[in-house]
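Worksheet: one structure, shown below.
Residue numbers (our numbering), protein chains in the order written: chain X, 225 to 648; chain W, 225 to 648.
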């Protein structure tokens, strides 16, 4: 039977333990919501002060060159690329996940239209995919006269056929934490003549991703979850070199053809001519401040590189989630918590979700009052994210003890935990 | 003949003079580039520290509600709305100008397709409009099977006919500073059965704008020029209430249908249902940090409200640009500078541009070395922006003296001023 002392021992042996020092963690908080908003890195505040007071305040317009603001989307993009199996020049940090998905899914549909039989007009995704992805796909399907088919995870394989144009999946499901095998699914899609678009919102910085190894086609992802880039941080997008090269050759556009994606924006020509490579996926002027914060966040993940990188982070992440599952099932037994996240660690992301027929929202609120921050995802999911960069094994122990107490004392039934805020 | 002493006297009498104290102006700089990147407000650095260290660092995910991050696009949008003749609930601060233009121009085209004869398929704009606007229009014209016609300013009237679908203009031209009469042009477009889309990038915070007074249809604008929101700040968009109401009634979408524009994003439903009103024009998760900086910037312009607001700022702006034109023409005569900006102040924005057959780039570089920051717009325009919030009449005098010296000593011919940087 595991004890709190055992957890302390695990922390003492943890080779990644010192990475916790890279963060400005609030005292008295056990933060299990890094999959919604990553913690503030210790370096960010000073970096933003420098960007604001020196780069903007003192150097003003010259900073577009002098401070490298112009190239920041490519530079931060390439740093993120190191975490997801991208080569340099394939990743761009820019705009939001939704907008980036619009760009890459548009590009994918355009390529399908050029190459494929007219009957290939179906976009397949999961019904439980993160909604914004579905909304963007719904918009593009209508515009391009494709149909969007939403299925359950175990129905995907059956939908990979000669009508499939694009398979659009989020690698790690935001509710369940279930992971798709990117290489296997991509291979199947390609064998059927389709393209893949991957959302890495809950993957980048959370699990080992190898986009080139999987021969994936397009990907997008989020900057403010495991990349710790700050609230509403710029997102990223990735495109396989074979598609970038082809877009270069055939002068293909993505539809958000703003000036930052132009081959020569400062010639101020009146006709669009897409930039070569990944830069054609840029659109408007990027936020130098938001990108600096994202850069600091990405650096916290890259700091694990000399300690084993994403493989080491993944090992610790699984140790944390295994421990959490084991402790909850042992110490909170009989309280109606049903594991939603796969028990099989090979298909589990860096989170653990439990469903509960009643009181999920209130239980999360009661935990928050105790300083244990998880979140609730309607209608019935209690979701706990485990960021290996800053979480300790004792945090897992303490979180479970709080959960046990909230359940055993039925504290969650108190009225104040049952008043819903606008955003949950 | 005006002297530096006269300029000092003008500053002493200037009722807006104390607004300069709202900015962290670098010592020794005369900043005539607020139309490219506005100066850092004095309040911004502390505000961002608070957003970063307290709202994000301490309060983490709870700040989406507690600190009002969720409603910031609407809140800052409404503040901007006060500067452009908008009513509450018509303006949203979000994304980039290019992306916002994509949204509103898409909505305009959708409305035209529903209402108008099939022959109405032309988007008209100016050849010298800011390129990103043209690139976005080019993309949408191709997608929707419209044609984009680019004309000179004096050819616009002739293009307002039964084929015109949307007239898309930037109210103040970025090169020349020439202003379109929004009310007159809009009336003519409406009389011909067309809609208008206005880019206010060089208008908002620079000249008095009355979108509702002009009965305009759609507008977008920039947060980092006269609104002082910081490098790559979120932009804004505005939609007339009659179109918002209609989009509500007919459940019309804009194509970037991300979750923040959904009627109930936290229900996590799989089908898109647009939010009511201006919120349907939101897309992905907004940057709380970038919006806080924009908020501080907009507040500097709103600080003029008790001193006469945009009308008072406009009076000072014209006094500054009139003085600059008069001094340059008097003191730099014979040096080949040709006024590009209208001499008629009723159609002049808050900038003055001169064309010069040779050396424009190098002259601007020589001025920058002296601390006089203007910019060069290829192929031949020297552009000087005059932000009445922080510029003094003595700054105008001193800037002209530097320009005179650069020209009379032919300093600009020195080699170091003729090496082009990547971005000019």
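Backbone N, C-alpha and C define an ideal beta-carbon position, used for all residues, glycine too.
Only a predicted model underlies this, so the values are computations on that prediction, with no experimental measurement involved.
Contact between residue 496 of chain X and residue 362 of chain W holds: CB atoms are separated by about 5 Å, below the 8 Å threshold.
Under a criterion of Cβ atoms nearer than 8 Å, no residue of chain X is adjacent to residue 575 of chain W; the nearest Cβ is some 14 Å distant.
Among the bridge pairs identified by DSSP, residue 609 of chain W is matched with W:575. The C-beta of residue 277 of chain W comes closer than 7 Å to at least one C-beta of chain X.
Annotation: residue 420 of chain X to residue 317 of chain X spans about 20 Å, alpha carbon to alpha carbon. The distance from the Cβ of residue 431 of chain W to that of residue 345 of chain W is about 32 Å, inconsistent with a contact at the 8 Å cut-off. Nearest Cα to residue 545 of chain W within the set W:436, W:468, W:569: W:569. Residue 562 of chain W sits in a strand when the DSSP states are folded into three classes.
For residue 601 of chain X, the neighbours in chain W by C-beta distance under 7 Å run, in chain order, 492. Where residue 304 of chain X is concerned, the enclosing alpha helix (DSSP H) starts and stops at 296-305. Non-local beta-carbon contacts of residue 637 of chain X in its own chain, meaning distances under 8 Å to residues more than five positions away in sequence, involve 583, 586 in chain order. Pairing residue 628 of chain W with residue 555 of chain W gives a Cβ-Cβ distance under 7 Å. With the criterion set as a beta carbon lying under 7 Å from some beta carbon of chain W, the members of the segment 511-524 of chain X are 511, 512, 513, 514, 517, in sequence order.
Sorting X:248, X:416, X:463, X:315 by C-alpha distance to the C-alpha of residue 520 of chain X places X:248 at the top. Non-local beta-carbon contacts of residue 499 of chain W in its own chain, meaning distances under 7 Å to residues more than five positions away in sequence, involve 485, 486, 487 in chain order. Inclusion of residue 357 of chain X and residue 423 of chain X in the CB contact set at 7 Å is warranted, their separation being smaller than that value. Per the coordinates, the alpha-carbon of residue 251 of chain W lies some 22 Å from the alpha-carbon of residue 607 of chain W. Under the Cβ criterion of 7 Å, residue 254 of chain W is not counted among the residues facing chain X. Between residue 451 of chain X and residue 403 of chain X the beta-carbon gap is near 18 Å, outside 8 Å, which marks them as no contact.
Of the residues X:630, X:613, X:642, the one whose Cα lies closest to the Cα of residue 238 of chain X is X:613. Of all alpha-carbon atoms in X:330, X:434, X:267, X:476, the one lying nearest the alpha-carbon of residue 360 of chain X is that of X:330. Residues of chain X with a Cβ closer than 8 Å to the Cβ of residue 282 of chain W are, in chain order, 250. Of all alpha-carbon atoms in X:461, X:352, X:515, X:491, the one lying nearest the alpha-carbon of residue 308 of chain X is that of X:461. Residue 551 of chain X and residue 532 of chain X have their C-alpha atoms roughly 27 Å apart.
Interface criterion met: the Cβ of residue 374 of chain X is under 7 Å from a Cβ in chain W. For residue 334 of chain X, the CB contacts under 7 Å within the same chain, skipping 5 residues up- and downstream, are 476 in chain order. Sixteen is the threshold: when 16 or more other Cβ atoms of the shown chains lie within 10 Å of the Cβ of residue 509 of chain W, as they do, the residue is buried. Counting only runs that start and end inside the segment 252-278 of chain W, there is no beta strand (DSSP E) element of at least 3 residues. In this structure, X:588 is the residue among X:244, X:324, X:588, X:456 with its C-alpha nearest to the C-alpha of residue 640 of chain X. Between the alpha carbons of residue 322 of chain X and residue 482 of chain W lies a distance of about 6 Å.
Residue 385 of chain W carries a coil assignment under DSSP once its states are collapsed to helix, strand and coil. Per the coordinates, the alpha-carbon of residue 624 of chain W lies some 7 Å from the alpha-carbon of residue 548 of chain W.
In this structure the segment 511-519 of chain X touches the segment 299-307 of chain X; the number of beta carbon pairs closer than 8 Å is three or more. Residues of the same chain with a CB within less than 8 Å of the CB of residue 294 of chain W, apart from the 5 flanking positions on each side, are 288 in chain order. DSSP places residue 600 of chain X in the uninterrupted beta strand (DSSP E) bounded by 599-601.
Contact of residue 257 of chain W with chain X by beta-carbon distance below 9 Å involves 284, 285.
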